[in-house]
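Read the structure below first, then the notes.
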Amino acid sequence: ISMICLNLPHQLRYKNENMFLAGIIPGPKEPPTTGINHYLSPLIDDFLVLWDPGYQFSCTAQCPNGRVVRCAILPLICDMPGARKAGGLGALNHTKFCYMCHCSGREDLQRVDYSNWVPRTGDELRKASQDWKNATSKTAQDKVFAEHGVRWTELLRLPYWDSRRFIVVDAMHNLYLNLVKHHFRVVLG
1 ISMICLNLPH QLRYKNENMF LAGIIPGPKE PPTTGINHYL SPLIDDFLVL WDPGYQFSCT
61 AQCPNGRVVR CAILPLICDM PGARKAGGLG ALNHTKFCYM CHCSGREDLQ RVDYSNWVPR
121 TGDELRKASQ DWKNATSKTA QDKVFAEHGV RWTELLRLPY WDSRRFIVVD AMHNLYLNLV
181 KHHFRVVLG
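Taken in order, the sequence shown gives residues 1 to 189; the numbers are from full-length UniProt numbering.
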């Protein structure tokens with residue numbers, strides 16, 4: 001888990017000295033579906049404090065009287081499986097495969113009339129995730145997941161988090177590995 005400061009100029013952002021290694025998820029296999037939450041929890045604890053009330057610096061070069069700094073996690077950039085695990089979303093083969101709209105099942109898989117797709121909202125995803133978390137049994141959680149395609153994620157503890165807007169699939173997997181080309185040429189035809 002690495003972090004960068006988006007306030008830095010683009011040419012400085014991704015230099016090793018400006019990146020923060022927040023955690024390492026041990027291998028040789030990836031964690032189970034909800035196992036990622038154990039790695040995110042301490043990080044989210046810190047970011048809750050950094051968001052509100054923020055961190056008070058007593059003095060900086062530009063603010064001799066001090067200043068408050070607030071930090072947020074924006075966006076979450078992962079490969080597709082990682083984004084879906086960290087974001088509490090179902091896999092691509094789930095009936096509710098899209099977290100952006102209400103397309104679901106095989107009948108919607110071939111639809112390309114996106115003007116008729118009914119969008120999902122961040123509040124809707126948050127409520128379904130909360131329902132999953134509050135379910136009293138594994139069977140009840142499975143029922144919520146089957147209906148909505150979302151689970152609880154520690155990221156939802158952040159008051160500003162919107163899974164629909166803040167999850168990004170990284171460019172390497174989309175462009176360099178030709179997933180976009182494959183999607184448009186093979187999947188959509």
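C-beta: ideal position from N, C-alpha, C; glycine also.
Under the Cβ criterion (8 Å, minimum of three pairs), the segment 141–158 counts as touching the segment 27–42.
Relative to Cys59, the option among Asn116, Lys15 and Val68 whose CA is nearest is Val68. Under the 10 Å beta carbon count, His38 is surrounded by fewer than 16 other beta carbons and is classified as exposed. Looking from the CA of Pro53, the closest CA among Glu17, Pro159 and Lys29 belongs to Pro159. Of the candidates Ser115, Met100, His148 and Arg120, the residue whose Cα lies closest to the Cα of Gln130 is His148. The beta carbon of Phe47 lies closer than 8 Å to those of Cys71, Ala72, Ile73 and Leu158 in the same chain, with the five residues before and after it left out.
Beta-bridge pairing by DSSP links Ile77 to Val168. With fewer than 16 other Cβ atoms inside 10 Å of its own Cβ, Cys5 counts as exposed. Cβ contact annotation for Gln141 (same chain, cutoff 8 Å, sequence separation greater than five): Trp132, Ala135 and Arg151, in chain order.
Counting only runs of at least 4 residues, the segment 97–159 fully encloses the following alpha helix (DSSP H) elements, listed from N- to C-terminal order: 105–109, 122–134 and 138–148. Leu89 carries a strand assignment under DSSP once its states are collapsed to helix, strand and coil. In this structure, Ala83 lies near Val169, with their beta-carbon atoms less than 8 Å apart. Per DSSP, reduced to three states, the secondary structure at Leu8 is coil, with no helix or strand assignment. Annotation for Trp51: Arg70, Cys71, Ala72, Leu158, Pro159 and Tyr160 place their beta carbon closer than 8 Å to its own, counting only its chain and skipping 5 residues before and after. A Cβ-Cβ separation of about 6 Å places Arg165 in contact with Gly122 under the 8 Å criterion.
Beta-bridge analysis with DSSP links Arg67 to Phe57. Ranked by Cα distance from Gly23, the first of Tyr99, Ser2 and Leu89 is Ser2.
With respect to Arg120, Tyr99 sits close: the two C-beta atoms are nearer than 8 Å. Here Asn16 is actually not in contact with Leu8; their C-beta atoms are around 13 Å apart, not less than 8 Å. The Cβ atoms of Ala128 and Val118 do not sit closer than 8 Å to each other.
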